[in-house]
Amino acid sequence: MSRTHRLFQLMQALRQGSGPRTAQALGQDLGVSARSIHRDIATLRELGAIIDGEAGFGFTLIEDNALPPMGFRDTELEALVLGLREVEQIGDPDLSEAASNALRKLQARLPARQSNRLRHAVLAAHRFQRPSQPEISVRDLRQATWEEKEVFFGYCDAKGAETKRQVRPLGLVYFDQSSALVALCLLRQDFRVFRLDRMRNLEITDKSFRPKRVPLLREALDQIETQTAAISEVLQSKKGPSKT
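Numbering-wise (the working numbering), the sequence shown opens with residue 52 and increments by one.
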């Protein structure tokens, strides 16, 4: 590991800490000696990072110079906290960890009053039943969606029927009890929604459909909205006119 990379990793470790971390503990995480950590802490301080603490006590990142100045109204900050806490609950492991890291970075850069407000936020999100964790790599699926590459996977529907699908991934949607992929299915030649926990053996192909993802996603969402409205209308008609 180069020293530049180690300094970056050390900053990440300090951002993730909820309290003072000793040089020995940091050294174990990065695979270096406590003496190296002390030298790296001194370098980061010279570069502008405000790090509190000393040898034998531990170190805490007070202000992160790598993040630009920012300002939020208190309600905006609470909305951010609530949103990130929700992602911690419903996201796949990578996304959940990213939300936690984002909260720590915010706390490290905000003014003292708002940092304290974030630390002791009155809003929280909790799921008693979290969505089932997919067997596929959701990170790889997100990357393929951004890069507009077709993907191949096995799929098991609600009735237990298994099929092989090659699709153009358009976007991911997080529902209450599950997460799903909105895609153009090349087998059905139509838009489909696939639950991530029913997908198996994801493969990323080299076939690109750039730059069609955004217009395809817009078309897919319009179709879903139209179908949902039609189903709602049918259900309402079966109930009959409401009594007044």
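All C-beta atoms, glycine included, are put in the ideal place defined by N, C-alpha and C.
Item: Sequence ranges, beta strand (DSSP E) only - wholly within the segment 146 to 232, length at least 3; Value: 200 to 207 and 213 to 225
Item: Alpha-carbon to alpha-carbon, Ser151 and Arg178; Value: 16 Å
Item: From Arg243, Leu268, Leu98 and Ala159, residue whose alpha carbon lies closest to that of Trp197; Value: Leu268
Item: Three CB pairs or more closer than 8 Å across the segment 55 to 62 and the segment 84 to 104; Value: yes
Item: Segment contact, 8 Å Cβ cut-off, at least three pairs: the segment 255 to 272 with the segment 229 to 247; Value: yes
Item: For Met250, the residue or residues it bridges with in DSSP; Value: Tyr206
Item: Gly134 - containing alpha helix (DSSP H), residue span; Value: Asp125 to Ile141
Item: Exposed unless 16 or more other CB atoms sit within 10 angstroms - verdict on Pro71; Value: exposed
Item: Per-residue DSSP class, three states only, for Arg261; Value: coil
Item: Backbone secondary structure at Thr73 - three-state DSSP; Value: coil
Item: Distance, Pro185 Cα to Leu310 Cα; Value: It is not possible to answer for residue 310, since the shown part of the chain is limited to 52 through 295.
Item: Coil, strand or helix - Arg302 by DSSP; Value: Given a span of 52 to 295 for the chain in the structure shown, any question on residue 302 remains unanswerable.
Item: DSSP bridge partner residues for Glu105 (one or two, in chain order); Value: Gly109
Item: Stretch pair the segment 228 to 235 + the segment 245 to 258: three plus CB contacts closer than 8 Å; Value: yes
Item: When Gln140, Ile113, Leu146 and Arg124 are compared against Lys156, the one with the closest alpha-carbon; Value: Ile113
Item: Own chain residues within Cβ distance below 6 Å of Ser87, not counting five before or after; Value: none
Item: Exposure of Phe108, with buried meaning 16 or more beta-carbon neighbours within 10 Å; Value: exposed
Item: Candidates Arg66, Gly222, Leu253 and Glu276, of which the one nearest Gly205 by Cα; Value: Leu253
Item: Residue from Tyr225, Gln63 and Gln278 whose Cα sits closest to the Cα of Ala159; Value: Gln63
Item: Cβ pair Ile255, Val202 closer than 8 Å; Value: yes
Item: Extent of the continuous alpha helix (DSSP H) to which Leu61 belongs; Value: Arg54 to Gln67
Item: Assigned secondary structure, Pro144 (DSSP; H/G/I helix, E/B strand, else coil); Value: helix
Item: Cross-strand partners of Ile255 (DSSP beta bridge); Value: Val202
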